[in-house]
Structure formats: C-alpha cells, structure tokens
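Chains as they are written, first to last, in the working numbering: chain A, 1 to 464; chain B, 465 to 928.
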C-alpha cells in the first residue's frame, strides 16, 4: 500500500496539475489556524501535488489513477473550513474543485450546480429567479457550496431553516467513489447523510441539488442592548415571531463589538451588547413595533438607511465564524468553542459568564432545531494553554452544557464523539483502500478509540 | 338616534343599491348556520338595503349619508364567516364590497389590493410573480381578503406563519371612519390591531397590503394512520421538520373521513385516522424519508400522482371549517368547537376522546404560535341541545382545555372573553354613534357584562 506519487503524477500530467511546492502548500491549507490546537498539529502539512479537474470525467480519472497507485486524495473547495477538513494529513493529492463551478439549472424551490461554485455565485444565479440559498456560511463570498455541504453544518439562515443535516435541506448529491473503477452514484432522501458532512472521506461530490428560499433585499441591522439577557431574549423572541421573516440573529456579549468590530465601535457605548439581524424589508414595520416594546434596546444601524461614515459591510460578516475571525485579527490569542445550552439557556449562560469573565465571551447564534429556536454559542476564548482550554471545555460540560470541540480534526471528535455507522459503512464500500481524506474518520482507523484524549492519526506526515 | 332608512336610501339612490327583499335577505346572510345556537338567534335577520360601492369615494359617501340618517352599516365581503360577523343585527345598510376587487400591485414579498378581492384572485395575481398569500381560509375559492382580515384569524399556512394577528402578517390597512365627515386613515405596525379582526365595528377597510410567501405547486396528500396519537404526532412532527416546507397539516379522528369525506372513504380502512397535508414539491423526497420511519402510516393519495377514480379536489378543502361543512352536509346535526390544549396536548386529547366518544370527534389543525407548533382542534360535535353543548364546553374547560366558542356572535365571546381596549377606543373615535356592525362589540354596548351567559344584543331586530 505504499503510495507511488511519481507514477500517479505522471499518469495525470495531462490534467490541470500543480507541483510547485509553494503553491501546493498554499492549496493544502484551510482555516484550521482559528484553533491554536490544530495549528500546533497541522501547520507543517502539504500535499505532493494538486489536481484541478475540469469535468466529472477528470474527477473519475484522478480517483482511478490515485487508487491504482495508492495515493491519498483530499478534496477541497475554497479551504475556508476551520476543522482542518481539507488538510491532507498523509500528503498525496489534493483534489481542487475550482473548475467545477457551473450553476446548471434554477427551478422553483431548487438549484442544481457543481460543487466548486461559490455560495455567492450560486446565490447570484438564483437571485435572477427571485430565489436564494436557504442557508450559507459567513464565508459566503469565498466558500464553495460543495465545501459547505461536505464540511459545514449550517449558518446564516439556520434560524429559519435549521441545519443542513435536517430532512429537506439537501435534495440530491452526485458522488464518485474511489475504487479500481470509480462509480457515479446519485443520493437522495435517507442516503444523503452518508456523504454530507463527511469531509470527503467516502466519496467526491460532483453535483449538488439544493432547496431554495425566496430572495429578499435583506435589511442588515445592529441593535445595542444594555443587558446581556435582554439582548439574548431580543434575538430569540424575534426568531419566534412567526410573521417576521429573518435570516440572521446573532448576539455579541460586550466588549466584543467594542474591541473587535472596528466600524461598529464608534456607535456603541461601553458595556452595551450587540445584536446583529437580517430582516426581510417588508417585515421592517413589524420589527419596529417589536423593538419599540423593548426599552433597553436601541437601533444603531440599518443597512437601507444609515449615516455611518464607514459602511460596516454585510451584517452576516460579523456573525458565525466571522466573529472569531474579526477577533483573531485584533488579538491573535483569541480562539473559540461551540456550545449548546440544553433546557433553559439563560441560567447556564449566566453561570458561564460568572465563571469565566473576560476569558470567555458569549457569541450566540439563533438556530432552529426540531422546530424550536435556541442558541448555539460560538464563544470567544482567550487562549493561554491547551490544558486551560481543556479545562474550560470540562467546566462547560460539568455545568450541563454541550461542547462541540472545534479543536479537533476528526469527524467524531468535532461532533458527538461516536462514529457514524452510515458514513463508515459507505466508506468501506466506496473507498476500500481508505485513501479519501485519510485520518479524518476515527471509526475507520481506530474503532476502539475511547475519546479520553485528542486522537493522533498514526499516518500523519511528520514535520520536516 | 332613530334611523331614517328611507332618507338614506334615497340619498344613495345613484349608487349600486339593492332593496329587493329576497336578494337583500340573501346578501344579509353569512355562514352563521354552522352553529345551531346562532341559527336560532340570527336566522330571521335582514338588512333594509344593500349598497355596493364602486370606489373608496362611494364608501365615504355611503358612510357619510348613513351617519347623517343614523342608519347602521354592516360591512360584508363574501359572507363566508361562521360567527355571524356580517349579519346586520339591527338591520339598516349592508355595505357589500364586491366591486372593490382590484389587485393593485404585487411587489417582492407583498401585495396591495382592495378588500373585496377574492383570496383566489389575489393568489392568481401573485402567482404570476412566483408568490402567494402566506395564509388563507378554507373558503379560499369564494372568500374575500377583506373579510378574512376583518373576520378571520388564520388558516391554511398558519402551520408555518402563525396567525393574522402576529406581527408582520398584515402590513397596512386603509380604513374609512363613520363620522359626520368620514376620514381615511392608514394603519401600519402597532395600529393594525385596532381594526384587524374587529368585524368592521370601527371602520371600513378600503385597501390592504399583505406579506407574501413563495408560491409552489403544493402537493396535497392524504395519509391513513392506524392510531390517533400517531396521526397527531405525524402532523406535529412534520411541522417541526425545519427543512420540510408545508402549508397544511390536519388530523381527522376516525370515522370523520369514513363518514363525511365521500371521495376519501373508498381508500381508507375502518378505524383509520386521516392526515391531510400540503407539502412543497421539492420536499417530497424528504417527506418520503420522514414517512418511511412511521410504520403505522400509509400514503393513500398525492395530488401529483394518484389513481383515484374521482379526484378529491384541493386537500385544503377538507381542513379548517370545510371539515365542519362536509360533516354538516351529511349530518345536519353536526356542529363544532374550537379548542386549544395547553401544555402536553396528548393526555388532554385522550381524556376528551374517552369522555365524549362519538359525540365529539377530534379535528386538529397544526398552527404555529410564538414560534412553537401546536394543535387547534375544530372538534366536530353531534349537537343535541344548547344545554348539552354548554356542558361539553364546561367539561373541556374543567380539564384544562381552552374553548373559543363559535356559538357566539360578539368579538369578546368568540375570543378571550374580555374587551379589546384598542379596538374599543378606536370605535369611540371612528364610530361615535355606534352605527358600524352594531351589537358585535359587547364592550361598547354593555361594559359590565360578566360573560356568565350568552349575551343578548338589546338592539337586535325582532323576528316578524
């Protein structure tokens, strides 16, 4: 099973192939560096070469050749993931889908496109038909739809539509297997969960069909609120207003906006918490009524009518993981957690705020799950040591909070800490040699792993 | 304050006016006869004449003239309401809005139209732009949008969008007052609740602006389920699937479908309960997955692919108050209640089923309220006497159920049994003589009424 890199590279020489070490290294990186833990482990990694197929046939050819020569293949879109999803742990080939960027068809309620299409470009094509994607990541301007499906879980729009994994939020995926003779499969319904959010460990997506929502000229808003609970309740209560259509409701504990949101800072007072919203224009009157009933809240910005000297840009680029990114740019010691507060969230949030103070700042995103709106917190953490970070996680768990650890590069550790049998069994079928994105599915490499410590992929390329 | 009918009639003689007793009586009736209690009290009523204005100016003229001559004015759309909303208790003038039926403009997310436009025609105009009304009554084919707003509360679509009264579900209402010199007012935001669901007691709506949803070729479905709780859970759980877009989820306890749904009867087994659904076509794959996980449920009809000899027509014409209508056509003794089951609905429903057996059949509609899906039951009742009906209401209340009594013709008694101060204070301003739809707002006529018994409007025209 020794990879023959040179033979594979030679057999693929007629494709768009790159083996310049500098650019290969650049194309072998994603946004894993949001996590100091992942940065310490993955920073040295690079693929041996990068192939950018121009068609599904070239995807098939690449997978066939790499299979024959035992060369690992790690698929990437734009590389905006934060969990090392696209990092080639064992080197080999990075399959870059940038040329597969065509939007094929837009129908009422659905779009068909290639995986390398940018979310922004998919939306542009859908907008021409009065429609848009139900949800997207805060990296909308640069991320691909295939990367979002394979490596993401939800984002802007999840306050209304839930998560990508929910029934109906992905319609169809076309997938190529990594076998001696790769097969092309079409998945719908129950089968979709085999390959969505599987980091490309068990197939390469070559076409996607996604459901759409009506497109509106969403009004972006910032609301300053004098009390943290009141800010959180404003966001959640608004999401529960059935007649007011929203696309985003984010809450930033003070002094997140004061310290990290440069263009918001002049407009917010010390101690005020910030709520970011996207609201359909025809719901703005109703929102005005809603807001007028909350005396501690003041509207400081609306994108359709404001007098700010410097436009803050799209409001959604302050939410989800753009919050972490903005904080990181100001303070390189910042990292984050992903926390759920089951049951009544308010006492748990109060407890975490009391326990950690400025070390952990609440950053809430309203998401819908099982028909009910609640918070996901992408809490900002001032990183000191890995040991302290682990302690912060343990303290959250000790108080009944769930943590989805973003400082892990495997599917299981970043999720619910157990393997997905559907994904694993499909990997056995579709990637019998285990060459697709190796090291990302513990269930494949080490079925007896007990999750007591961070997992180490034994096949990881050593730093030079 | 004695009305001078003849003078008013003469002054309005140049308008579209009708004083033929037979047709005036027909135009003085709504669907109050769903209730045997209302039928006993309202059946004899008729207006003195009917005016059908052709413009807002003619509305103003009619109100000005009737005000001058102390003539009561009761506004009507199509008269499909079930609470006697459009019944002229004191006679006088019925203002028929059939000529004000223009759809003025359709914008992204909203429509502007006149109140007499049929819901069906508003939708047709919106469909040309890929949009449709968020919610409508089961009388969509014949009811007007003004009547829906003034006399209704929700319906098909409320499983997703909540009720008409929720912030954002009505955008703007233009209203003419009943004064010496009628004024034209525009209401938005907080002011809308003054006149929406006020039965035309404090103003005449002459233009409406409503929010829209994307239009889809909704697939109508019937699902037969072997167990009542499983049927209810299927409907509620489906509404809680955030990625599956639905417009209707209704549950009919057996033998409702067997006894009253003629075209469904051949396809459903004895004892099976029926669920009626409307699902967006691009969510049908996901619904297939959802349904496959429920072994006791079988799909017996989908509107886009079926082999039924006799097409059942639109699925929504089995839900909401069309259920009662279909039952009434088979068994004239059938009437209904409107019940909410606060908290966990399943034990309460089980208790009611055990208590009443075939006398009260559950008919559930899934509605969203405050962000949460739940059931409204428009329970079918085999009517015997008014006393027994009252006892059934009391037994519901004794077990913690809320009943909104459809056997009452006043705003307060059909609602939460207290007056709406906003509507009352606007009536003082907009209808100082109390001539608009007299007898429908207890707060105006008898502020001290204690709701211990059915209220009797002292000004009601006697039977001849």
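Ideal placement from N, C-alpha and C gives every residue a C-beta, glycine not left out.
Inset, instruction - List the whole-angstrom C-beta distance separating residue 625 of chain B from residue 243 of chain A, where the pair is believed to meet the contact cut-off of C-beta under 8 Å. - result: 6 Å
Legend entry - Residues that residue 466 of chain A contacts on chain B, provided the C-beta gap is smaller than 8 Å: The question about residue 466 of chain A has no answer, for chain A in this structure spans 1 to 464.
Inset, instruction - Kindly confirm or deny that the stretch 699–713 of chain B and the stretch 742–761 of chain B touch, where touching means at least three C-beta pairs closer than 8 Å. - result: yes
Inset, instruction - Could you say which of A:407, A:446, A:393 lies nearest to residue 418 of chain A if we only look at CA atoms? - result: A:446
Legend entry - 8 Å contact criterion, which residue 43 of chain A and residue 91 of chain A should meet: CB distance rounded: At roughly 14 Å, the Cβ-Cβ gap does not stay under 8 Å, so residue 43 of chain A and residue 91 of chain A are not in contact.
Legend entry - residue 708 of chain B at chain A interface by Cβ criterion, 8 Å: yes
Inset, instruction - Mind checking who residue 273 of chain A pairs with in its DSSP beta bridge? - result: A:225
Legend entry - Terminal residues of the alpha helix (DSSP H) in which residue 346 of chain A lies: Secondary structure note for residue 346 of chain A: its alpha helix (DSSP H) is the uninterrupted segment 345–356.
Legend entry - Contact residues within the stretch 577–591 of chain B, judged by C-beta distance below 9 Å to chain A: Listed by position, the residues of the stretch 577–591 of chain B near chain A (Cβ gap below 9 Å) amount to none.
Inset, instruction - Look up residue 212 of chain A in the DSSP assignment and say whether it is helix, strand or coil. - result: strand
Legend entry - Rounded Cβ spacing between residue 801 of chain B and residue 870 of chain B (contact assumed at less than 8 Å): The C-beta distance from residue 801 of chain B to residue 870 of chain B rounds to 7 Å, short enough to meet the 8 Å contact threshold.
Legend entry - CB of residue 253 of chain A within 8 Å of CB of residue 273 of chain A, strictly: With contacts defined as CB atoms closer than 8 Å, residue 253 of chain A and residue 273 of chain A qualify as a contacting pair.
Inset, instruction - Taking 8 Å as the threshold, find out whether the stretch 451–458 of chain A comes into contact with the stretch 207–223 of chain A through three or more Cβ pairs. - result: They do not touch, by the three-pair rule.
Legend entry - Pairwise C-alpha distance: residue 66 of chain A and residue 23 of chain A: 21 Å
Legend entry - Residue-level contact to chain B via CB, residue 418 of chain A, 8 Å cutoff: no
Legend entry - Inter-residue CB distance, residue 168 of chain A and residue 705 of chain B (contact presumed, cutoff 8 Å): 7 Å
Inset, instruction - Less than 8 Å between the CB atoms is what I'm expecting for residue 205 of chain A and residue 150 of chain A, so what's the real figure, rounded? - result: Indeed, because the Cβ distance is near 6 Å, the residues count as touching under 8 Å.
Legend entry - residue 566 of chain B versus residue 116 of chain A: straight-line alpha-carbon distance, rounded: 47 Å
Inset, instruction - Would you kindly check if the distance between the Cβ of residue 853 of chain B and the Cβ of residue 537 of chain B is under 8 Å? - result: Cβ atoms of residue 537 of chain B and residue 853 of chain B: not closer than 8 Å.
Inset, instruction - Please say whether residue 315 of chain A and residue 303 of chain A have beta carbons closer to each other than 8 Å? - result: yes
Legend entry - For residue 759 of chain B, the nearest candidate out of B:656, B:697, B:657, B:823 (CA to CA): B:697
Inset, instruction - Check residue 898 of chain B in the structure and name its three-state DSSP category. - result: coil
Legend entry - Listed by chain order, chain A residues near residue 836 of chain B by CB distance under 8 Å: 240, 371, 372
Inset, instruction - Could you tell me whether the stretch 476–495 of chain B touches the stretch 535–554 of chain B, where touching means 3 or more Cβ pairs closer than 8 Å? - result: yes
Legend entry - Given 8 Å, three or more beta-carbon pairs between the stretch 120–127 of chain A and the stretch 306–314 of chain A: no
Legend entry - Cα-Cα separation, residue 559 of chain B to residue 515 of chain B: 5 Å
Inset, instruction - Would you give the residue range spanned by the alpha helix (DSSP H) that residue 553 of chain B belongs to? - result: Boundaries cannot be given for residue 553 of chain B, as no alpha helix (DSSP H) includes it and DSSP labels it neither H nor E.
Legend entry - chain A residues whose Cβ lies nearer than 8 Å to that of residue 625 of chain B: 242, 243
Inset, instruction - Any chance you could list the beta strand (DSSP E) runs of at least 3 consecutive residues sitting entirely within the stretch 614–687 of chain B, in chain order? - result: 636–640, 648–652, 668–678
Inset, instruction - Indicate the three-state DSSP secondary structure (helix, strand or coil) for residue 926 of chain B in the structure shown. - result: Look at residue 926 of chain B here: in three-state DSSP terms it is coil, with no helix or strand label.
Inset, instruction - Assuming residue 792 of chain B contacts residue 798 of chain B (C-beta within less than 8 Å), just tell me the rounded distance between them. - result: Right, their Cβ atoms sit about 5 Å apart.
Inset, instruction - Report back the beta-carbon spacing between residue 890 of chain B and residue 666 of chain B to the nearest angstrom; my notes put them in contact at under 8 Å. - result: 5 Å
Legend entry - Within-8 Å CB hit, residue 746 of chain B to chain A: yes
Inset, instruction - At 9 Å on the CB atoms, spell out the chain A contacts of residue 680 of chain B, in chain order. - result: 108, 109
Inset, instruction - Check whether the Cβ atoms of residue 694 of chain B and residue 750 of chain B sit closer than 8 Å, and answer yes or no. - result: no
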